[in-house]
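Q: This structure is in structure tokens; I'll ask about it shortly.
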Amino acid sequence: EREWGIVVGPLKRGFRTERAIFLTEDDVFGPKKRVARLKGRDVDYFLESFRDLKIGDYVVHVDHGIGLYRGIVELSVDGSRKDFLLIEYDGGDKLYVPIHDLDLVQKYIGAKEARPRLDRLGSSSWVGTKRKVKKRIEDLAKELLRIQAEREISEGYAYPEEDELFREMESKFEYEETEGQLRAIRDVLGDLKRKRPMDRLICGDVGFGKTEVAIRAAFKVAIEGKQVAVLVPTTVLAQQHLKVFTERLKDYPLVIEMLSRFVPRERQKEIVERLRKGAIDIVIGTHRLLQRDVSFKDLGLLIVDEEHRFGVKDKERLKEVKKTVDVLTLTATPIPRTLSMALSGIKDLSIIDTPPLDRLAIKTYVVRFSEDVIRRGILAELARGGQIFFVHNYIHNIHVVYEYLRALFPSLRIALAHGRMKERQLESIMVDFVEGKYDLLLSTNIIESGLDISNVNTIFINNAHKFGLADLYQLRGRVGRGPRQAYAYLLVPEGERLTEEAKTRLRIIEELQEIGSGIHIANYDLELRGAGNILGKEQSGNIELVGFELYTKLLEETIKELKAERKEEEPISPEISIPLDAYIPESYVEDTAQKLLLYKRLSKVGSYEEIKEMEEEMRDRFGELPPPTRNLLAILSLKVFLSDLYVKRVEYAPGSLTITVTDRTPLNMEELILLARRDGIKLMPDRRIVMRFDGRPLEAVEAVKNVLKDITPYDITRLTQTRGET
-18 EREWGIVVGP
-8 LKRGFRTERA
2 IFLTEDDVFG
12 PKKRVARLKG
22 RDVDYFLESF
32 RDLKIGDYVV
42 HVDHGIGLYR
52 GIVELSVDGS
62 RKDFLLIEYD
72 GGDKLYVPIH
82 DLDLVQKYIG
92 AKEARPRLDR
102 LGSSSWVGTK
112 RKVKKRIEDL
122 AKELLRIQAE
132 REISEGYAYP
142 EEDELFREME
152 SKFEYEETEG
162 QLRAIRDVLG
172 DLKRKRPMDR
182 LICGDVGFGK
192 TEVAIRAAFK
202 VAIEGKQVAV
212 LVPTTVLAQQ
222 HLKVFTERLK
232 DYPLVIEMLS
242 RFVPRERQKE
252 IVERLRKGAI
262 DIVIGTHRLL
272 QRDVSFKDLG
282 LLIVDEEHRF
292 GVKDKERLKE
302 VKKTVDVLTL
312 TATPIPRTLS
322 MALSGIKDLS
332 IIDTPPLDRL
342 AIKTYVVRFS
352 EDVIRRGILA
362 ELARGGQIFF
372 VHNYIHNIHV
382 VYEYLRALFP
392 SLRIALAHGR
402 MKERQLESIM
412 VDFVEGKYDL
422 LLSTNIIESG
432 LDISNVNTIF
442 INNAHKFGLA
452 DLYQLRGRVG
462 RGPRQAYAYL
472 LVPEGERLTE
482 EAKTRLRIIE
492 ELQEIGSGIH
502 IANYDLELRG
512 AGNILGKEQS
522 GNIELVGFEL
532 YTKLLEETIK
542 ELKAERKEEE
552 PISPEISIPL
562 DAYIPESYVE
572 DTAQKLLLYK
582 RLSKVGSYEE
592 IKEMEEEMRD
602 RFGELPPPTR
612 NLLAILSLKV
622 FLSDLYVKRV
632 EYAPGSLTIT
642 VTDRTPLNME
652 ELILLARRDG
662 IKLMPDRRIV
672 MRFDGRPLEA
682 VEAVKNVLKD
692 ITPYDITRLT
702 QTRGET
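Per my numbering: the sequence shown = residues -18 to 707.
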């Protein structure tokens, strides 16, 4: 007799037996898009994602300092099972952090690669370190506030409501806007209607539609008679933007020009003169736009694409231009300083996190340079009528690679492009490639920024280990701009010994293939390079002491305090001691990293609506919630309720419940005294409320709510319906 077993696991594709055909979801509906979606506060998600936390990584506990992450452990406390995050400190001391307090824990990212010093648990030195760093960053906070104040007092131009002409232009967009795009467009149009000059960062992955947001902003400004400058890092991208803007706005009486080294000298002079006289509505250009001879009659909007690609001198000139005009910055991977300004409210932030319909993740392979890999990749792309990018970033021997490819494919139409070519020649090659006159474009990384050709869906990046993480990400984003599956081959020379950092970069880019990974790439890039290298030497010592995330939080706090000229009250995190099994079982979520990320997000919920959203998401992703997980959500809903009322602690004991409130509680104490006389509740001098309770632990959650709701000034209809289970 045959024995049968049941194995639960993913089935990638269907199969046929003698009696049946089995189809998977992918067979019927096509492969699912893996999308890196952002939940909660966009910036918090960027900084505080635990998706990549590994055992042995450095972490920062807000109250106890820097330690080593040692995993999630399940402990039995007061007769109930719960999960804890284990942190090891100097001397081997261990701290078990309840999962509902994970909002106090952050991954450590320092200013440089050196390992930080572990703190000693129970020592007062950590409190002193935080106080010292906060005092040091006051100067930076004041500088950021000065920038903001200058913008606040600047009299900007408030644009009118969108008219019929604007709505007509919107309706001519050939694609359906994504949810993220619509949100960003609403934000930008709202900014333009205010007197205060706009300073907004639009963060969205490559191909997510940032350009359309910019086009609508440019149209609104230009149609009102003001000028628009679009600043881009490369001549190739300037050419591309000129084509897109001109095509999109061809039905309207707007003059659009380009200023870059592609343009002959005499023509440049003519464009500069027409800009000064106001005869050009929208100008698209490289850093040539920032030169002293360029002036505008009435500049209304500056759009900066990929700010991190500009040099220090360019940025200094940008600062001068920015003071009086509306500014829109577009990026796929935000730089930390820009992000810090967004965090602290100095710069407004919109994130486009919704991918276009039918977009597939780019299949990425890190492989040794070999004839076989190159031959197969090129032939596969040619077979489906597509084109290929081949990136080699060294001009001095790019011709060697050209001859190698010619020998491999004698009939292949290969174009060669690099930055030392004459403008006209480079422009001609690019246009011919776009028009399909070449099969393969061999070039340096001049194609990195924004080049958008939907027929190119295979890219080879030679000597990939020599590129930075953000550069690799940008290059990979040149393919996969349509519904066709795209491939990226990251080539490493045979026999080359890679540094640990290079190995890490290649591993990250190979692993992060989801659509919308730009923000995570920026986070990894920050970790690899060190925040100090990017934020500057002045602040690197402060970052080294407390980690980038806590540094950013302290900066945000300091700015808020300077604005209000008083210390902002710390929110309270109630301690709940009720013996309930409250955790996410391994049988429900097997992947530890996934579970940790869920715990981190749950620890940050601040409203009943967010708890309901998390409950629905978990049910959708993992199935019906098991009893311990329902209990966990019930405890979290009580924590949100208690936090609003400044309740410090709730403690269950057989026969009684004790509720301890702080002196900041809005509870009506006179009502409580009356309640105590009627219901046998004791009100103690140390602000403890002691009540008789003979029910089960789970019933204690509702009992606490019922007692407090009678004396709270808040609308109790907000209470969540989340209930636990024994």
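Cβ coordinates follow ideal geometry from the N, Cα and C atoms, glycine included.
Please name the residue in I333, F370 and V264 whose C-alpha comes closest to that of V437.
A: Residue mapping note: residue 437 aligns to position 456 of the sequence shown, counting from 1. Taking only the C-alpha atoms, the option nearest V437 is F370.
Q: Within 10 Å of its beta-carbon, does W(-15) have 16 or more other beta-carbons around it, so buried, or fewer, so exposed?
A: Position 4 of the sequence shown, counting from 1, holds the residue named residue -15. By the 10 Å Cβ count, W(-15) comes out exposed.
Q: What are the boundary residues of the beta strand (DSSP E) that Q368 is part of?
A: Position 387 of the sequence shown, counted from the start, is the residue given in the question as residue 368. Element bounds for Q368: Q368 to V372.
Q: Given D625, which residues of its chain have a CB within under 6 Å of its CB, disregarding the five upstream and five downstream residues?
A: Within the sequence shown, numbered from 1, the residue matching residue 625 stands at position 644. Here the set comprises nothing.
Q: Which residues bound the alpha helix (DSSP H) around V253?
A: Taking the sequence shown and counting its residues from 1, the one referred to as residue 253 is at position 272. Run containing V253: R246 to K258, per the alpha helix (DSSP H) assignment.
Q: Using CA atoms only, rank isn't needed, just tell me which of L283, D279 and R257 is closest to L267.
A: Start at 1 with the first residue of the sequence shown, and residue 267 comes out as number 286. In the sequence under discussion, the amino acid at residue 267 is Thr, which differs from the Leu named in the question. Of the candidates L283, D279 and R257, the one whose C-alpha sits nearest the C-alpha of T267 is L283.
Q: So for G650, helix, strand or coil by DSSP?
A: Residue numbering aside, residue 650 sits at position 669 when the sequence shown is read from its first letter. Here residue 650 turns out to be Met, not Gly, going by the sequence shown. Reduced to three states, the DSSP call for M650 is helix.
Q: Express the C-alpha separation of L271 and D295 in angstroms, rounding to a whole number.
A: For the purposes of this step, residue 295 is taken as residue 314 along the sequence shown, with counting starting at 1. For the purposes of this step, residue 271 is taken as residue 290 along the sequence shown, with counting starting at 1. Approximately 7 Å between the Cα atoms of the pair.
Q: In angstroms, rounded to a whole number, what distance separates the CA positions of E404 and G259?
A: Start at 1 with the first residue of the sequence shown, and residue 404 comes out as number 423. Start at 1 with the first residue of the sequence shown, and residue 259 comes out as number 278. Their backbone Cα atoms lie some 27 Å apart in a straight line.
Q: Can you give the beta carbon distance from G358 to F441, rounded, assuming they're within the 8 Å contact cut?
A: Taking the sequence shown and counting its residues from 1, one reaches residue 358 at position 377. Taking the sequence shown and counting its residues from 1, one reaches residue 441 at position 460. Going by Cβ atoms, the distance from G358 to F441 rounds to 7 Å, so yes, they are a contact pair.
Q: May I ask you to report which of helix, strand or coil DSSP gives T215?
A: Taking the sequence shown and counting its residues from 1, one reaches residue 215 at position 234. Of the three classes helix, strand and coil, the one that applies to T215 here is coil, per DSSP.
Q: Helix, strand or coil for T267 per DSSP?
A: The sequence position of residue 267 within the sequence shown is 286, counting from 1. Of the three classes helix, strand and coil, the one that applies to T267 here is coil, per DSSP.
Q: Can you say whether D180 is buried or exposed, counting buried as having 16 or more other CB atoms within 10 angstroms of its CB?
A: Along the sequence shown, one-based indexing puts residue 180 at 199. Buried, by the Cβ-count rule.
Q: Exposed or buried, what is N378 when buried is set at 16 or more other beta-carbons lying within 10 Å of its beta-carbon?
A: Locating residue 378 in the sequence shown gives position 397, where the first residue counts as 1. That one is exposed.
Q: Look up A396 in the DSSP assignment and say whether it is helix, strand or coil.
A: The count along the sequence shown starts at 1 and reaches residue 396 at position 415. In this structure, A396 counts as strand in the three-state DSSP scheme.
Q: Whose C-beta lies closer than 8 Å to the C-beta of D82 among residues of the same chain, with five residues either side of it excluded?
A: Residue mapping note: residue 82 aligns to position 101 of the sequence shown, counting from 1. Counting only Cβ-Cβ distances below 8 Å, and skipping sequence neighbours, we find S554 and S584.
Q: When DSSP builds the beta bridges, which residues end up paired with Q87?
A: Locating residue 87 in the sequence shown gives position 106, counting from the first residue. BP columns for Q87 point to V41.
Q: Secondary structure at K716, three-state DSSP: helix, strand or coil?
A: The requested residue 716 is not part of the displayed model; the chain covers only -18 to 707.
Q: Spatial neighbours of E158 within its chain, please: CB distance less than 8 Å, with the 5 preceding and 5 following residues excluded, ordered by chain position.
A: Locating residue 158 in the sequence shown gives position 177, counting from the first residue. I166, G190 and E193, listed in sequence order.
Q: Go through the segment 592 to 642 residue by residue and report every complete run of the beta strand (DSSP E) that reaches 3 residues or more, in order.
A: Taking only runs of at least 3 residues, the beta strand (DSSP E) segments lying wholly in the segment 592 to 642 are 628 to 634 and 636 to 642.
Q: Got a sec? Which residues, its chain only, sit under 6 Å from F3 by beta carbon, not counting five neighbours each side?
A: Locating residue 3 in the sequence shown gives position 22, where the first residue counts as 1. The answer, listed in chain order, is G(-5) and F(-4).
Q: Does any residue of chain B bring its CB to less than 8 Å from the CB of A469?
A: In the displayed structure, chain B is absent; only one protein chain is listed.
Q: Based on the DSSP output, what are the partners of D64 in its beta bridges?
A: To locate residue 64, count along the sequence shown from 1; it is residue 83. DSSP lists E55 as partners of D64.
Q: Out of R197, D120 and V211, which has the shortest C-alpha to C-alpha gap to L146?
A: For the purposes of this step, residue 146 is identified with residue 165 of the sequence shown, where counting begins at 1. That would be R197, whose Cα lies nearest to the Cα of L146.
Q: For the segment 340 to 348 and the segment 195 to 209, state whether three or more C-beta atom pairs, one from each stretch, are separated by less than 8 Å.
A: No, the segment 340 to 348 does not touch the segment 195 to 209.
Q: In its own chain, which residues sit with a C-beta less than 6 Å from the C-beta of F243, not counting the 5 before and 5 after it?
A: To locate residue 243, count along the sequence shown from 1; it is residue 262. Result list for F243: T216, E404 and E408, in chain order.
Q: Taking Cβ positions, are G281 and V372 nearer each other than 8 Å?
A: In the sequence shown, residue 281 corresponds to position 300, counting from 1. In the sequence shown, residue 372 corresponds to position 391, counting from 1. Going by C-beta atoms, G281 is not nearer than 8 Å to V372.
Q: Determine which residues share a DSSP beta bridge with I196 and list them.
A: On the sequence shown, position 215 is the one that residue 196 refers to. DSSP, once it has assigned bridges, lists no residue as partnering I196.
Q: Which residue from V54, K115 and E254 puts its Cα closest to that of K717?
A: Any question about residue 717 goes unanswered here, given that the chain covers just -18 to 707.
Q: In the structure shown, what three-state DSSP assignment does Y385 receive?
A: As a working mapping, residue 385 is identified with position 404 in the sequence shown. Of the three classes helix, strand and coil, the one that applies to Y385 here is helix, per DSSP.
Q: Go through the segment 439 to 488 residue by residue and report every complete run of the beta strand (DSSP E) that reaches 3 residues or more, in order.
A: Those beta strand (DSSP E) runs which fall completely within the segment 439 to 488 and span 3+ residues are 468 to 473.
Q: Please classify A1: does DSSP put it in a helix, a strand, or coil?
A: Stepping through the sequence shown from its first residue, residue 1 is reached at position 20. Of the three classes helix, strand and coil, the one that applies to A1 here is coil, per DSSP.
Q: If I follow the unbroken beta strand (DSSP E) through L423, where does it start and stop?
A: Here residue 423 is taken as the residue at index 442 of the sequence shown, counted from 1. Counting along the chain, the beta strand (DSSP E) containing L423 begins and ends at L421 to S424.
Q: Mind checking who K75 pairs with in its DSSP beta bridge?
A: For the purposes of this step, residue 75 is identified with residue 94 of the sequence shown, where counting begins at 1. Answer by DSSP bridge pairing, in chain order: E69.
Q: Quick check on the burial criterion: 16 or more other C-beta atoms within 10 angstroms. Buried or exposed for L(-8)?
A: Numbered from 1 along the sequence shown, position 11 holds the residue referred to as residue -8. That one is exposed.
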